[in-house]
Amino acid sequence: MAQFTLPKNSKVTEGKTWAYPSGAHDVREYKIYRWNPDDGKNPRMDTYYVDCGDCGPMVLDALIWIKNNIDPTLTFRRSCREGVCGSCSMNIDGTNWLACTRFIADTAEPATIYPLNHLPVVKDLVPDLTHLYAQYALIEPWLKTDKAAPERERLQSPDQAEALNGEDGKGPAACILCFCCTSGCPSHWWNGNRFLGPAVLLQAWRWLADSRDDATGERLDNLEDPFRLYRCHTILNCTRTCPKGLNPGKAIASIKKMIAERRS
Amino acid sequence: MAGNDRPLSPDLQIYRPQLTSVLSITHRLTGIALSVGSLLLVGWLIAAAAGPSAYATLHGFLASWLGLLLLLGWTFSLFFHLCNGIRHLFWDAGYGFDLRTIYASGWAVVVISIGLTLVAWIISFGMRGPHP
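Here the protein sequences come in this chain order: A and B. In terms of our numbering, the first sequence opens at residue 1 and continues consecutively. In terms of our numbering, the second sequence opens at residue 1001 and continues consecutively.
Next comes the structure, spelled out in structure tokens:
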């Protein structure tokens, strides 16, 4: 059921304003969502001032600068800092993106940072992704084949590989499972218990489109459900927000089309 | 979905409205408006069948500024739902998912449905007969 307001314990309150860096010449303001599991209080928005003359060019650099210089308790996930691990996905200025590939220069003043939307918060900008990973497991994201194991790799033609990689490198296999799309999908906010969401459906398509996989019928049976697949109403926030430029909306349409074609 | 006493991170309250989501919710709202509007159409037919005085009452309401505003809203709802419905048909067939195309077709739906609404009103005011 659609839920338009946050639960009582989730309402965001006014937070504290942290020290302005002294001697800085290029200062930008950051409003950042904070929640501490140990103090029993509601989430709050803290204000930080970042000396951008003293930190790297990306939003992730600004967060690390805050952690190093202002507030060591600020908590967020990060790893590769180059857009391939998908750890630092968060809501920046109202849409989801990777903090490591969003330029500070492209953010609003003040910049506003929340964790990914509609997920239980572990701490600050760290959401609990357990449910999303369980949904990923549900599509059985591994190769299923009836054929005996070959002597060497299972080969694909360039065309068959392109179905996965895309002619521009933006095919479904390029997904890094950052869940920017799923957490920005209104259908998933309101039916997330049963609707699989764009990231997982993009991965479902990745295996349906794989020439080496023989379980197409079984996979489609698993998806042909009023909620799992068809709660997608082609809102397309997913394609709009994907920080890798992939197209979950199109992948979902491809699955729907495949099911329609097998019926006829 | 929220486990223990963990807060739920904000969603609708903070997610920036974009052409994608705004046109989607508008499609739903115009669909609801059209369903309600079809009741009015039925009411209009009943009034016409019931006789001159019932018809005059309903017509008096529709000719008032509130009635005209509702009719304008329903006209726009009809054209928007029609145009965006065609957009959805293309998507169902697997076309038009490139982000630039999504935006181009979205703005086209906005412009065309406003344009058709204006054309319909200009024509119907031009054809308006004497007051019954």
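Glycine included, C-beta positions come from ideal geometry on N, C-alpha and C. Since this is a predicted model, take the numbers as computed values, not measurements.
Selected residue, minimal CA-CA separation from residue i, among the options
{"i": "T1075 of chain B", "options": "B:D1005, B:S1009, B:I1122, B:Q1013", "result": "B:I1122"}
{"i": "D54 of chain A", "options": "A:T47, A:V12, A:I104, A:R78", "result": "A:I104"}
{"i": "R236 of chain A", "options": "A:P186, A:L177, A:D221", "result": "What sits at residue 236 of chain A in the sequence shown is Leu, not Arg. Considering only alpha carbons, the answer is A:P186."}
{"i": "V1110 of chain B", "options": "B:I1046, B:S1077, B:D1098, B:L1099", "result": "B:S1077"}
{"i": "K41 of chain A", "options": "A:N9, A:D51, A:I66", "result": "A:N9"}
{"i": "R77 of chain A", "options": "A:L60, A:D93, A:I92, A:A2", "result": "A:L60"}
{"i": "Y33 of chain A", "options": "A:A19, A:Q3, A:E14", "result": "A:E14"}
{"i": "T216 of chain A", "options": "A:I139, A:D46, A:D71", "result": "A:I139"}
{"i": "H118 of chain A", "options": "B:D1011, B:D1005, B:R1006", "result": "B:D1011"}
{"i": "E109 of chain A", "options": "A:W189, A:R154, A:W18, A:R28", "result": "A:R28"}
{"i": "D221 of chain A", "options": "A:K244, A:I255, A:G197", "result": "A:I255"}
{"i": "L1116 of chain B", "options": "B:Y1095, B:G1106, B:C1083", "result": "B:C1083"}
Alpha-carbon spacing of residue i relative to residue j, whole angstroms
{"i": "L1040 of chain B", "j": "I1114 of chain B", "result": "22 Å"}
{"i": "E162 of chain A", "j": "R240 of chain A", "result": "22 Å"}
{"i": "K250 of chain A", "j": "S211 of chain A", "result": "19 Å"}
{"i": "P248 of chain A", "j": "C242 of chain A", "result": "8 Å"}
{"i": "N69 of chain A", "j": "A173 of chain A", "result": "38 Å"}
{"i": "L1071 of chain B", "j": "G1060 of chain B", "result": "13 Å"}
{"i": "A24 of chain A", "j": "C52 of chain A", "result": "8 Å"}
{"i": "V121 of chain A", "j": "A199 of chain A", "result": "20 Å"}
{"i": "K11 of chain A", "j": "Y1015 of chain B", "result": "15 Å"}
{"i": "L204 of chain A", "j": "D213 of chain A", "result": "For the record, residue 204 of chain A in the displayed sequence is Ala; it is not Leu. Rounded to the nearest angstrom, the two C-alpha atoms are 12 Å apart."}
{"i": "I1025 of chain B", "j": "V1036 of chain B", "result": "17 Å"}
{"i": "G94 of chain A", "j": "N165 of chain A", "result": "29 Å"}
{"i": "T1030 of chain B", "j": "S1053 of chain B", "result": "31 Å"}
{"i": "C181 of chain A", "j": "K16 of chain A", "result": "31 Å"}
{"i": "H131 of chain A", "j": "G1126 of chain B", "result": "59 Å"}
{"i": "G86 of chain A", "j": "S183 of chain A", "result": "13 Å"}
{"i": "P141 of chain A", "j": "W207 of chain A", "result": "7 Å"}
{"i": "F4 of chain A", "j": "E167 of chain A", "result": "40 Å"}
{"i": "Y951 of chain B", "j": "L1062 of chain B", "result": "In the structure displayed, chain B extends from 1001 to 1132; residue 951 of chain B sits before or after that span and is not available."}
{"i": "G169 of chain A", "j": "G245 of chain A", "result": "10 Å"}
Residue i: first and last residue of the uninterrupted beta strand (DSSP E) it sits in
{"i": "I32 of chain A", "result": "27-34"}
{"i": "A111 of chain A", "result": "111-114"}
{"i": "W97 of chain A", "result": "95-98"}
{"i": "K123 of chain A", "result": "121-123"}
{"i": "T73 of chain A", "result": "Note, T73 of chain A: premise wrong, no beta strand (DSSP E); not H, not E."}
N- and C-terminal bounds of the alpha helix (DSSP H) containing residue i
{"i": "A163 of chain A", "result": "158-165"}
{"i": "D221 of chain A", "result": "216-223"}
{"i": "D61 of chain A", "result": "59-69"}
{"i": "M258 of chain A", "result": "248-263"}
{"i": "S1124 of chain B", "result": "1099-1126"}
{"i": "S1053 of chain B", "result": "1052-1063"}
{"i": "I5 of chain A", "result": "The amino acid at residue 5 of chain A is misidentified as Ile; the sequence shows Thr. Counting along the chain, T5 of chain A falls outside any alpha helix (DSSP H), and DSSP gives it neither H nor E."}
{"i": "S183 of chain A", "result": "180-183"}
{"i": "S187 of chain A", "result": "186-191"}
{"i": "Y133 of chain A", "result": "130-138"}
Buried versus exposed, by CB contacts within 10 Å (16 or more), residue i
{"i": "Q135 of chain A", "result": "buried"}
{"i": "Q1018 of chain B", "result": "buried"}
{"i": "I1046 of chain B", "result": "exposed"}
{"i": "T234 of chain A", "result": "buried"}
{"i": "G1051 of chain B", "result": "exposed"}
{"i": "F1079 of chain B", "result": "buried"}
{"i": "G1003 of chain B", "result": "Since pLDDT at G1003 of chain B reaches only 45, below the 50 mark, its modelled position is unreliable, and the value read off the structure follows with that caveat. G1003 of chain B should be labelled exposed."}
{"i": "A148 of chain A", "result": "exposed"}
{"i": "R1028 of chain B", "result": "exposed"}
{"i": "F195 of chain A", "result": "buried"}
{"i": "S1009 of chain B", "result": "buried"}
{"i": "Y20 of chain A", "result": "exposed"}
{"i": "Y133 of chain A", "result": "exposed"}
{"i": "P57 of chain A", "result": "exposed"}
{"i": "P72 of chain A", "result": "exposed"}
{"i": "L125 of chain A", "result": "buried"}
{"i": "D1144 of chain B", "result": "No answer is possible for residue 1144 of chain B: it lies beyond the span of chain B, which begins at 1001 and ends at 1132."}
{"i": "C100 of chain A", "result": "buried"}
{"i": "T1101 of chain B", "result": "exposed"}
9 Å Cβ cutoff, residue i in contact with chain A
{"i": "L1012 of chain B", "result": "yes"}
{"i": "T1145 of chain B", "result": "With chain B running from 1001 to 1132 in the structure shown, residue 1145 of chain B is simply not present."}
{"i": "S1035 of chain B", "result": "no"}
{"i": "H984 of chain B", "result": "Residue coverage of chain B in this structure runs from 1001 to 1132, which leaves residue 984 of chain B outside it and unanswerable."}
{"i": "L1009 of chain B", "result": "In the sequence as displayed, the identity of residue 1009 of chain B is Ser instead of Leu. Yes, contact with chain A."}
Chain B within 9 Å of residue i, Cβ atoms only
{"i": "R102 of chain A", "result": "no"}
{"i": "F195 of chain A", "result": "no"}
{"i": "G83 of chain A", "result": "no"}
{"i": "Y136 of chain A", "result": "no"}
{"i": "P243 of chain A", "result": "no"}
{"i": "D46 of chain A", "result": "no"}
{"i": "T17 of chain A", "result": "no"}
{"i": "S10 of chain A", "result": "yes"}
{"i": "Y114 of chain A", "result": "yes"}
{"i": "S89 of chain A", "result": "no"}
{"i": "G23 of chain A", "result": "no"}
Interface flag, residue i vs chain E, CB-CB below 9 Å
{"i": "A1093 of chain B", "result": "In the structure shown, chain E cannot be found, because the protein chains are A and B."}
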